[in-house]
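Numbering (our numbering), first residue to last: 658 to 1065.
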């Protein structure tokens, strides 16, 4: 890999080329995916500046329209948009070998000066251009070698790769691109309700489902006075951090104190957590029906805790007819923590404000439950009345993506 795969300083006249990933594999419905991705890019860049955004030949062009555009913020935002696999800072120039070599020599002068070896890789998307891709690379490479005589051509392990793309409107030169978020555009995979706690796992599972194109509605349970206002704000902050990847999120905050107290009063202790989670799933399904969602998302990982054994998961899922998506199910804690650091939620997740899942934790939880026994245990509760009361007290907070982190 090139030694110069880094973000460059921004210069006047450059633009961003966003490379599409799985979207290009779509068939007759590809335009729907591209249109959704274009809309997501435009919305994400709107708070940052005035950018023209268009798509041609499997590439999205992001072009600043005035000097007030924050290119650094835009570059970061583009890398966090699902559906984009790579982002390149590029300089447009006329479609001639001489103009391309001149633009590359000027635009990449720092990299060319620092490198000891290089090569040119060309892509001829405009098939009317008279030279083939190999010929373009040879001609441009020869001119650059003349301008930078210290450079050696190395086709196998060069310090620097100079990329040339011949496209409809212009030629573009750039250094190696940087990775994007990948996945599919948010909004192409349907809507799901994601259960968001204050821990490490649920923000990661939410991020993973958004990366597969799911539009998310977040659901959080609070149990005052057992949980603090700081714990509530911690979850809002987690949602805010996720909006850098997902765009706007709504967090539905459900009062859960009475349900937990009734479980403690009337149910066997070893089933506390299981019955609590069954209530969460029932409420999540009601919320999903209300917002038009077709699945639930949880951060469960097989065997991580007592309520996440295979039998326990079956007991929890018994009360919902919607698909329950568990993207972390086969991951261990080290993998989940690594990913939470990468997406930027880890530091908030470890703040010492506990959520309602830690309230009334049984000393000896049942790890091999039978669904019949759990149903019998919760029969002492007025399940429907408790759910209706909780739903009546739901508060909804909307969090929007904003480089300044504002909260609506």
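Where a beta carbon is used, it is the ideal one built from N, C-alpha and C, also for glycine.
Item	Value
In terms of residues, what are the limits of the alpha helix (DSSP H) holding residue 750?	Taken as a continuous stretch (DSSP letters only), residue 750 belongs to no alpha helix (DSSP H), being part of the beta strand (DSSP E) at 741–750.
Please specify which runs of the alpha helix (DSSP H), each continuous and at least 4 residues long, are wholly inside the region 919–1000, giving them in chain order.	929–948, 967–974 and 990–1000
Which whole-angstrom value describes the C-beta separation of residue 817 and residue 775, a residue pair presumed to lie in contact below a C-beta threshold of 8 Å?	4 Å
With H, G and I counted as helix, E and B as strand and the rest as coil, what does DSSP make of residue 709?	strand
How many Å lie between residue 788 and residue 720 at the Cα?	27 Å
Do residue 744 and residue 834 come within 8 Å of each other at the CB atom, strictly closer than that value?	yes
With 16 other CB atoms within 10 Å as the buried threshold, where does residue 737 fall?	buried
State buried or exposed for residue 757, treating a residue as buried only when at least 16 other CB atoms are found within 10 Å of its CB.	buried
Taking only three categories from DSSP, how would you classify residue 685?	coil
Where does residue 1067 fall in DSSP's three states?	This structure gives no information on residue 1067, because the portion of the chain shown stretches from 658 to 1065.
On a CA-only basis, which of 901, 1021, 750 and 1050 is nearest residue 843? Give me that one, please.	901
Relative to the C-alpha of residue 772, which residue among 930, 864, 790 and 810 is closest?	810
In the DSSP assignment, find the unbroken beta strand (DSSP E) run with residue 1053 in it and report its ends.	1052–1056
CB-CB under 6 Å to residue 936, same chain, minus the five flanking residues each way: which ones, in chain order?	916
With a threshold of 16 other CB atoms inside 10 Å of the CB of residue 617, please say whether the residue is buried or exposed.	There is no way to answer for residue 617, as the model of the chain reaches only from 658 to 1065.
Could you tell me whether the region 987–998 touches the region 853–872, using the rule of 3 or more Cβ pairs below 8 Å?	yes
Give the single residue among 831, 934, 930 and 1034 whose Cα lies nearest to the Cα of residue 923.	1034
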